[in-house]
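All residue numbers for the sequence shown refer to this note's numbering, where the first residue is 10 and numbers rise by one. No residue lacks a Cβ here, since even glycine has one placed at the ideal position from N, Cα and C.
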Amino acid sequence: MSAQQNQKNQALLKNFAKGKGDKHKNSGTENCVIYTRVSSKEQMDTNQSLEWQKKFCTEYAQKNEFAIKGYYGGTYESAKTDERKEFGRMLNFVKASKEKIVYILVYSLDRFSRTGDSAIFIASELKKLGINIIAVTQPIDTNSHAGALQQNIQFIFSKYDNDLRRQKTIDGMREKLLRGDWIGNAPTGYSFESLTPNQRIVINDKGQAIRLAFEWRANGITHEQIIHKLKAHGLSLPKQTLAGIIKNPFYCGLMSHNLLKGELLKGNHPALINQDLFLKANAILTNSGYKVNKANDNLPLKVFVKHAESGAPFTGYLAKKKGLYYYKVNKSGVKVNRSMKIMHDKFKELLGHYTVDSTHIEPLSIQLGYTWDNLTQTNSNEKKSLSIKLNEVEGEFYSLRKRHALGQVSLDIYDEFSTQMFQQRESILKQLEKLNKKLSNPKELIKFTFDLSSNLTKIWDLGDYYQKQIFQNTIFPDGLVYDSKNDHYRTPKVNSVIGYISEIARDLDNKKSRSFKNFSKKTGPVPEIGVEPIQP
């Protein structure tokens, strides 16, 4: 057999060989795509890492005569998940491209993925399509078992390294929370003060509106009504966001976070409201394990009134056969039912004890004016004292900054004392702000207060369910207790202004022989927190 015939036979016999040959061997110019990414926006903004990756990959492709069919990535995408927009777009292209893609070029394997077993699976599926991943700084021949194993080991180590970094980050975040410092974005109503030595959270302009939202909710206002009222204060919130705010203890000075594993810690941020108001606002949802009934104009005292012996709230129901409403204590072992008429009459009788006779308004206005004058005089002196302290603190702060700039005070000492001075300055400013509010013109407030005080029963009678809720909580901030044995209400706390006015009115009744012109110019006891705002 001639050599030519033998060569021809060998070519024909090769058609009977089994198994797939190496598709990429000696196949001429091979196609590739380049994928680059960074893991943070800061890295992307500098653009250095992305350009560096692209440069190395492009040079590798040119050196090996690969035809580049596309660039993907070029942005920041976390490699801890393979649900990435650019990553997915790249995979879809290489799988469906009519121009056969043979290689995906990356700077290093951790740029491709840090998901470990998931990355191994993706690489395996790509290899079945004849697509190989090449890390240009870690060249591995993945066509061999040893090379494929080495690549898989690198994927696993990338995931392990990512897990270690994540754990260190979590530990650092948890440690910060344990110190009382918040992480992440500041909640609505707060913002980060970047001018302080150590960045801290302060209450911003939206804080006052959020404070009002808590007060409204504590008084029984629905979320829909609160959202409408907030718009008048320039704050627009979705219902879900508002519900999250009301349930967030951050606003009463506490911190709740998944990293705290069920713990509730006191934060270093200022509390927007006190804890009592926070609990009242959330007690609208549930109270002592009982769900609050829907609004019913016939039963405004439900939940607001507690049973004296058991402490359980009164709920309400309609006796359909009689067509009458009743209040009852819905607690096992307690059988207390009272008709709506009895409970409401008793409540109006209680209001009568705090209602001022219209004939007393003139002398009471004079007396309350004396009280106000005494209060403002006291506040003026306190304001002057605080202003002096503020000047002293700012002077010391300036001196400290100057000495630090001259190198006379080290950075750690500067940080320690500047933080203390800043806190002291903020405390003084808050006290001054409160005093400035109390020094406003009292005439309209005094007139409104007496209009309210002389018509307590009438105002409550004319209100709807929510108006009555606001009224009740204004007059009796801690609610009422009903003594079922003696059939009367007990009042844990009365609005300080209403209580003060009724007290001096009773004093007037006990001194009928005296003309209001001779009424004492002494001020009497000043209410505990001054003349507090009364909600209409």
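- Straight-line measurement puts the Cα of residue 423 at about 10 Å from the Cα of residue 416.
- Between residue 254 and residue 197, the beta carbon gap of about 6 Å places them in contact (Cβ cut-off 8 Å).
- DSSP, reduced to helix, strand and coil, places residue 473 outside both helices and strands of the structure shown, so it counts as coil.
- Note that the C-beta distance between residue 75 and residue 145 is not below 8 Å.
- Judged by DSSP in its simplified three-state form, residue 148 adopts coil rather than helix or strand.
- If you ignore the 5 residues before and after residue 182, its C-beta comes within less than 7 Å of the C-beta of 192, 268, all in its own chain and listed in chain order.
- In the three-state reduction of the DSSP assignment, residue 139 falls in the coil class.
- Here residue 514 is buried: its Cβ has 16 or more other Cβ atoms, across all protein chains shown, within 10 Å.
- Shown here, residue 313 sits in coil according to DSSP, grouped into three states, outside any helix or strand.
- Here residue 437 is buried, its C-beta having at least 16 other C-beta atoms within 10 Å.
- CA-to-CA, the gap between residue 309 and residue 325 works out to about 9 Å.
- DSSP places residue 287 within a helical segment (H, G or I) once states are collapsed to three.
- Contact between residue 349 and residue 333 holds, since their C-beta atoms are separated by about 7 Å, short of 8 Å.
- In the three-state DSSP reduction, residue 323 falls in the strand class (E or B).
- Taking the CA atoms as reference points, residue 511 sits about 28 Å from residue 306.
- Going by C-alpha positions, residue 458 is about 46 Å away from residue 407.
- The three-state reading of DSSP puts residue 40 in strand, counting E and B together.
- Residue 262 has its alpha-carbon roughly 8 Å from the corresponding atom of residue 283.
- Just measuring C-alpha positions, the residue of 16, 14, 62, 104 sitting nearest residue 40 is 104.
- DSSP places residue 202 in the uninterrupted beta strand (DSSP E) bounded by 199-202.
- Exclusion of the five residues before and after residue 486 leaves 502, 504 as the residues of its chain whose Cβ lies within less than 7 Å of its Cβ.
- Here residue 225 is buried. Its C-beta has 16 or more other C-beta atoms within 10 Å.
- In terms of Cβ geometry, residue 345 and residue 355 do not form a close pair [threshold 8 Å].
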